[in-house]
Each structure stands twice: as C-alpha cells, then as structure tokens.
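*Asks:* The structure under discussion is supplied below as structure tokens; questions concerning it will follow.
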Amino acid sequence: MDGAPVTRPRCAVVTGAGRGLGAALATDLLDRGYRVFGLVRKEEHAVALARQGGIPVRADVTSDLVAAALHAALAAETSVDLLVNNAAVIRFGTELSSVRSRDVLESIDVNCVGALRTVQACLPWLRRSPRAVVLNVSSRHGSVALAAAGGTTGVPVSYAYRVSKAALNMLSVAMHEELKEQGIDVVTLHPGRLRGANAPPDADLRADEAARRVLDGVDAGLLTGGRFLHPGARGVAELEW
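In structure tokens:
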C-alpha cells in the first residue's frame, strides 16, 4: 500500500562472533530477522558468517582501530538496537605462583576494555535506537560475592579470568548509570555453564541453547535495568555482584 511505513529490520552487533556463543548468537539473531554485524578476526569465520547472511567486520577489540572498522561497517545503518560484547579470552593460573601479570593485563584488555571500545564506537547508533540494549557477557566467576563465599566447589578459576570479568561487571554498572538516561540499557550476563573449549568441569549447556535463552530474554524485555542476570531454563535469575 502506497504511503505505508517501512519497517526496518533490527540491527545487532556481536563481538567474538567467530565461534562458540558469539557464533550461536549471530546465527540465532539472523533467524530472528536482525541485520547482524559480527566482529571476527579470522578469514574463515568471516566467510562462514557471510554465507549465513551476516555482515562480517574484521577487527580486534584490543585495538583502538575497532572504532574505525565499526564506523565504516555501520555507515548506512540508522541505529544499533543490540550490542553483545562477547569477545573474551581465558588465561590460566589458579595459584599465585603460576599467575603471569601479562595474562591478567591481556585478559582485562580483551574481556573488559574491549567492551568499552565497542560501546564507545557504537554509541551514536545506540542513541538512535528506540530501545537499545548492550549485553556484556560476563561470568558467574566475575561475582565478588560468589568468590568471597568460597567460589564454586570443584571448579578452579584463574586469577586473570576472575579479575577481568569482575572489571567488566564494574564497567557495566558505570556505563548503565550514565546511559540509562539516554534510553540505553547496559546489562551484565552469566550465559550459563557452556560446553566447549576450556569448559568448566560442571559444563552442561550448548552454545545454541544459551544463545536462545539470551535472545528470548531480549525479545521479552526481561534483560534490562543494569543488572547481573542469568537467563536460565526457568526464566531470568538475578545474580549478586
């Protein structure tokens, strides 16, 4: 019908979209009708995403050049409705004697500062969305309350991973306090105990199932409020910081 409003597809940016949870999120978002920009570092991951209909962005979240890459990719987009900061590394060292300072610093750069860089880069587009959500993929092991209570029995966790995810949690709180007045929700996620490379001993969840739970929560409007949340099989649970 002439004069009918054109409904634009929702737009999502996913970092670490080459494998694991990031790839599963990109696939599910495409199935839900989103235009998906996936940050990847490897050519084979870029090719795989493009074959599904996604738009690969070859960039590294540890480089300030990620902003230029995102600006170029998003130039024709009106807004970004969902930004998922999923890129992460895991470095080992569960005892002080085996902790390497460079591993801690690298983990903070990827797992925390990487999210800062991508939010800064996408901010003009996030501000133009009628309901923008930033999901920072953290971990139960980023909870200071859980660590102070003794952690998870039988699941050793490296210093670098704990410190970097706790830093991401604080970044999320700080960003949400600033951006909520601009209509942007910044939410921290524990996606579940995911199977795969470097999985914890108690891993019990496939990446595609975790992605479905996360995106069902987004579509239902349950992932809001600047909280630390876990989308589970029986709904969304709030975790202690």
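Quick note on numbering: my numbering labels position 23 of the sequence shown as 57, and the sequence is numbered without any gaps. Positions of the beta carbon are idealized from the N, C-alpha and C atoms, including for glycine. All of these numbers come straight from a predicted model, not from anything done at the bench.
Entirely within the segment 55-127 and at least 4 residues each: give me those alpha helix (DSSP H) ranges in chain order.
*Replies:* For the segment 55-127, whole alpha helix (DSSP H) runs of length 4 or above, ordered along the chain, are 77-86 and 100-107.
*Asks:* Taking the CB atoms as reference points, tell me whether K76 and G52 lie closer together than 7 Å.
*Replies:* Here residue 76 corresponds to residue number 42 of the sequence shown, with the count starting at 1. Here residue 52 corresponds to residue number 18 of the sequence shown, with the count starting at 1. It is a contact, given that the beta carbons lie within the stated cut-off.
*Asks:* Which of helix, strand or coil does DSSP assign to D238?
*Replies:* Position 204 of the sequence shown, counted from the first residue, corresponds to residue 238. D238 falls in the coil class under three-state DSSP.
*Asks:* Is the CB-CB distance between V100 and R162 below 7 Å?
*Replies:* Residue mapping note: residue 100 aligns to position 66 of the sequence shown, counting from 1. Residue mapping note: residue 162 aligns to position 128 of the sequence shown, counting from 1. Their beta carbons are not under 7 Å apart, which means V100 does not touch R162 by this criterion.
*Asks:* Measuring CB to CB, does A181 end up less than 7 Å from S141?
*Replies:* The residue given as residue 181 occupies position 147 in the sequence shown. The residue given as residue 141 occupies position 107 in the sequence shown. Not a contact, by the Cβ cut-off of 7 Å.
*Asks:* Spatial neighbours of D242 within its chain, please: CB distance less than 6 Å, with the 5 preceding and 5 following residues excluded, ordered by chain position.
*Replies:* Here residue 242 is taken as the residue at index 208 of the sequence shown, counted from 1. A58, listed in sequence order.
*Asks:* Do three or more CB pairs link the segment 157-173 to the segment 226-246 at distances below 8 Å?
*Replies:* No: fewer than three Cβ pairs fall under 8 Å.
*Asks:* When the Cα atoms are used, what is the spatial distance from H337 to R134?
*Replies:* Residue numbering for the chain in the displayed model covers 35 to 275; residue 337 lies beyond these limits and cannot be assessed.
*Asks:* Just to confirm before moving on: does the CB-CB distance between C146 and S198 stay below 7 Å?
*Replies:* The sequence position of residue 146 within the sequence shown is 112, counting from 1. The sequence position of residue 198 within the sequence shown is 164, counting from 1. A contact, by the Cβ cut-off of 7 Å.
*Asks:* So, with DSSP's three-state summary, where would you put G269?
*Replies:* Walking along the sequence shown from the start, residue 269 turns up at place 235. Strand at G269.
*Asks:* Taking the continuous beta strand (DSSP E) assigned at T152, which residues delimit it?
*Replies:* Looking up residue 152 in the sequence shown gives position 118. Looking at the DSSP string, T152 is not in any beta strand (DSSP E); the run it does join, the alpha helix (DSSP H), is G148 to R161.
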